[in-house]
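Protein chains in written order, with the working numbering: chain A, 74 to 392; chain B, 4 to 346; chain C, 559 to 834. For glycine and all other residues, C-beta sits at the position ideal for the given N, C-alpha and C. Everything below concerns the one structure shown next.
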Amino acid sequence: MKQLNDTIKQVAAQSLSRGDVDLVIGWQKGDLWWQSYPAFVENEQDTASLTWDPFCVANLSRYLLEEQEGKNKVAIFVKGCDALGLNQLLQDKRVDREKVYLYGIPCDGLVDHRKLEAEGFKWLSEVRKEGKELVLVGRNGEQKVNARDYMYDKCLTCRYPNPVAYDQMLGEAVEAQPEERFASVKELEEMSADERFTYWANQFSRCIRCFACRNVCPACSCRECIFDIPEPRWLGKAKELSEDQFYHIIRAYHVAGRCVDCGECTRVCPVDLPLQELNRKFIKDINELYGEYDAGVDPETEAPLVTYNTNDPAAFPES
Amino acid sequence: MKKISKDKLPQLWDRLAQQATLYLPVEEDGVVNFAPWKEGAAVNLDVINTVVPPKQMVLPQSENYLHFRVDGGKLDLEPVDVDGPYVIFGARPCDVAAIAIIDKLFLDEPCDTLYKERREKGTIISLGCNEPEETCFCTAFELEPAFSPDADVSAWDMGEYLLWKAQGEKGEALTKKMEDLLEDAGADAEKAVESLRNNVASKEAAATKEYGWNAQGVKDALEDKFDSEIWDKLYRRCLGCGVCTYICPTCHCFDVQDFSRGQEGLRFRCWDSCMFGDFTLMAHGENPRPTQKERVRQRFMHKLLYYPSNFDVYACVGCGRCVRKCPVSIDITQVIKEVGGVK
Amino acid sequence: MAVINPLLPQVAKIVDIKQETPNIKTYRVVSPDGGKPFEHIPGQCAMISVPPVGEALFSITSSPTQQEYMEFSIVKTGSVTDFLHEIEPEFEIGIRGPYGNGFPIDMFKGKDILFIGGGIGLAPLRSLINYCLDTRDDFGKIDIVYGARTPDDMIQKEEIFKVWPKAPNTEVHLTVDNEWEGWEGRVGFVPQCVEEICFAPDNRIAVTCGPPIMIKFVLQGLEKLGFTPEQIITTLELRMKCGVGKCGRCNIGDKYVCKDGPVFTYAELLNLPPEY
């Protein structure tokens, strides 16, 4: 991982100094050991601040919506999940491929700092990945743990760890080792309708309507979101279960068929709503109804919900 | 000073709940938030901060205040009664300080009587922190992690039991009602509390110092920073969501909306966020804060310059929720670090 | 009805609606028992409610010397105003106020006053104009410069064409942005008009309200004529919800426009962040 850390600084510096790109979007460190956040670098000398470490989880592709304006070319680092998001933005015609240079980073999973904290790993100064292990550097010296035990749940089910879209691949390809991603969806499907309603009502009642899930989602790129339109006001502002449900269910429908399963929605939610579970139910249903489809793998494929096929299952009886 | 052993707490809570709605930190699906007490609730007094601060009890996320009825051209208006008394148990000193901070705005002329009534119906029992989180920096704002001067009752977790000290009239009145459940704490209690207070405060202050999160002189430093590059650096990664504003214990901006079914309806106020694009959007389409840069600048200037200009107190208590929860790690420590400290 | 909570409206009735221009109407509002819902000073505003559509803040365009009713001139531009433009007289609305600081009338006493308005911007100025005309001896010469895109877009046509020009020691200078058939008066933008007439700043206060672009050039023009920032007064407009400086929406720096404003001197504005 250290090697990649150096490589990204180098390639960023080169592309800026050669004038190939006007802007590099990557990650940089904050004060705390787990803070690796999106960075926007326009000068060669600032590329030294870029980082690649086990906490670079933020999906950068969505920033292209704003940043491609008025620029010739923007370079962006994409992990597997980020590349899927980028492809979806391309498929939705929201990003101009000509204006983007993709540095692909194969990624076999990033670390959820909250999982480390839950086990008492706090006040660290550094966390490095070495092979399949994490080296935790703290006040009392170093400690090694199994990396996979502390990864984001979304990383454990990742099926596209190597970016499917890239102009230049940095680092060695990694092997996907996904766990079953529909496991919790299947559990929900076993519940009765009432049980399922109660489950989701309990979840949604925690929602504070911050819209972080929508704002981080690569499939949510509408210029004016339906929930922002003042008249008619589709989504009321009252903290009512009916409004909470309305928001989440409608959003899930709007991204259905375009959700790339990147899991950012679940990561950013401040109250831990299991949003990926909701979106995965839609993915599972779409797979069953229209055939296996992974959004974001190829921007040229015809997405099932925007393509009519005479073989599409008909909900109404034949007669 | 009184004390109560932890195994007697459910009895205390039952008693408190008989005369008021009792809110305490309850864990559900791994998330700890203030919720009404019911028997068997998974109370969690160990987590330092709930996700949503107890400001939601004095300024609810949505609050109905007017009932209206429209019939032809006739209008009937009727105020909605404010809910009954409540007790907040286990509020951390930072969160209590935050309520005292927003009191200054809402109780200022003209007094927001809706807020005042709801505020006065509440009794706050604070629980001092035994450990700072990595993200805590209340000492940067001259607050103490283990002491809340504004609470009605201060409590401390000493392991097997809690210490309990009434502060002010409300606190005394409540303590009297719980008399039979509380024992005298004994001569060493005050010393133990003092020791705890010092330990936690110095531990936090040391960590805060190490990170360089120094709020000294921030207000003055920001006077000429309206056009500073800080905002250019910070805003770019901002998603424009409302996480920071909604989980912040001092954020208090609200919207006023109507809700109706047929001819009757309710007017309510609800949380709103200056980070949202339409916060300052005018009906004819103009917006004095058209991009995220102006909005990010507004948030931090409001907390660290404008609010202190009006009320002599920073609108930040160093609870660290924004540090933990911002999806892209934009938080107030970055502004403080950049402009704060005696240079 | 005694209003305790500043957010609670009282019921009022619209008794007259006048179509001023294709998209502006003036509403006359009274208390259900007759008379005004409450007292105010020129420059203050009120929140008008039309549940369940919502509430919005409007400047009170009638003078406080008018005892029978309160008037508002409202542009059709959003959900609340769209609804208001559909209703008929005798319709009941909610109202609360007065909000804002109003014009600093003492500052005007004994001075000449130059009113500069554009389009709907005349509405807040009118409350002060009529107040001055009703207490005429307290003030010096009154000049009213008023312009709109076209003659049809001018509001308070009765007053600007007939009543005010006849008032003692009062002059009205009207202008339209471009040539217009049937219009024989001045042609040109309001700031141009101000510069051409070349008002002297001595013992004079300028009060202006209109579209932001007009205000910008008027301020420049007045400075060129020698007006100091303390002699220029304007009234601002922002999105507002509570009207009492609590909801946090209408601040410019540490001032809330609904409470510390909407009237500001140019000198005060120069001390605030350029965010309006």
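A straight line joining the alpha-carbon of L269(B) with that of Y317(B) spans about 34 Å.
Of the residues N275(A), T383(A), N360(A) and E304(A), the one whose Cα lies closest to the Cα of D345(A) is N275(A).
Flagged as an interface residue toward chain B: I281(A), by a C-beta distance shorter than 7 Å. Where Q118(A) is concerned, there is no enclosing beta strand (DSSP E), because DSSP gives it neither an H nor an E. At least one CB atom of chain B sits nearer than 7 Å to the CB of T635(C). Within the DSSP bridge table, the entry for R122(B) names no partner. What Y834(C) touches in chain B, judged by beta-carbon distance under 9 Å, is P291, going in chain order. Rounded to whole angstroms, the separation of the alpha carbons of P377(A) and F255(A) is 19 Å.
Burial check for L314(A): the Cβ neighbour count within 10 Å stays below 16, so the residue is exposed. Here D93(A) is exposed: its Cβ has fewer than 16 other Cβ atoms, across all protein chains shown, within 10 Å. Within its own chain, the residues whose Cβ lies closer than 7 Å to the Cβ of K173(B), once the five positions on either side in sequence are excluded, are T126 and D155, listed in chain order. Counted as a single uninterrupted DSSP element, the alpha helix (DSSP H) harbouring K188(A) occupies residues H186 to A191.
For the 7 Å CB-CB criterion, T211(B) and A286(B) do not form a contact. If only complete runs of 4 or more residues are kept, the segment 74 to 155 of chain A shows the alpha helix (DSSP H) at 75 to 90 and 137 to 140, in order along the chain. For the 7 Å CB-CB criterion, I178(A) and I98(A) do not form a contact.
If you compare the alpha carbons of F150(B), D111(B) and D49(B) with that of D98(B), the shortest gap goes to F150(B). Under the three-pair Cβ rule at 8 Å, the segment 327 to 340 of chain B does not count as touching the segment 665 to 685 of chain C. Remark: C-beta atoms of P600(C) and Y704(C) do not approach each other more closely than 7 Å.
Between Y26(B) and A44(B) the beta-carbon gap is near 11 Å, outside 8 Å, which marks them as no contact. A distance below 8 Å between beta-carbons, with the five flanking residues on each side excluded, links E207(B) to the following residues of its chain, in chain order: P135, C139, F140, C141, T142 and P148.
Closer than 7 Å to the CB of R797(C) there is at least one CB belonging to chain B. With contacts defined as CB atoms closer than 7 Å, E788(C) and A764(C) fail to qualify as a contacting pair. When C-beta atoms of the segment 100 to 119 of chain B are compared with those of the segment 54 to 72 of chain B, three or more pairs fall below 8 Å, so the two segments count as touching. For I651(C), there is no enclosing alpha helix (DSSP H); the residue is part of the beta strand (DSSP E) that begins and ends at E650 to Y657. The three-state reading of DSSP puts H321(A) in helix, counting H, G and I together. Think of a sphere of 8 Å around the beta carbon of V259(B): the chain C residues whose beta carbon falls inside it are L565, G612, E613, K799, C800 and C805, in chain order.
Taken in chain order, the complete alpha helix (DSSP H) segments of 4 or more residues contained in the segment 583 to 664 of chain C are 637 to 642. Distance from the Cα of R684(C) is smallest, within the candidate group P749(C), N761(C) and E629(C), for E629(C).
By the rule that beta-carbons nearer than 7 Å mark a contact, P769(C) does not touch chain B. The way I'd put it, the segment 186 to 202 of chain A doesn't touch the segment 140 to 154 of chain A; fewer than three beta-carbon pairs between them come closer than 8 Å. The DSSP-derived three-state label of V29(B) is strand. By a beta-carbon distance limit of 8 Å, Y174(A) contacts S88(A). Their separation comes to about 7 Å. Where R269(A) is concerned, the enclosing alpha helix (DSSP H) starts and stops at A266 to F277.
Going by beta carbons, C244(B) and C295(A) fall outside the 7 Å limit. When Cβ-Cβ separations below 7 Å define contact, E578(C) makes no contact with chain B.
In the structure shown, the three-state DSSP call for E182(B) is helix.
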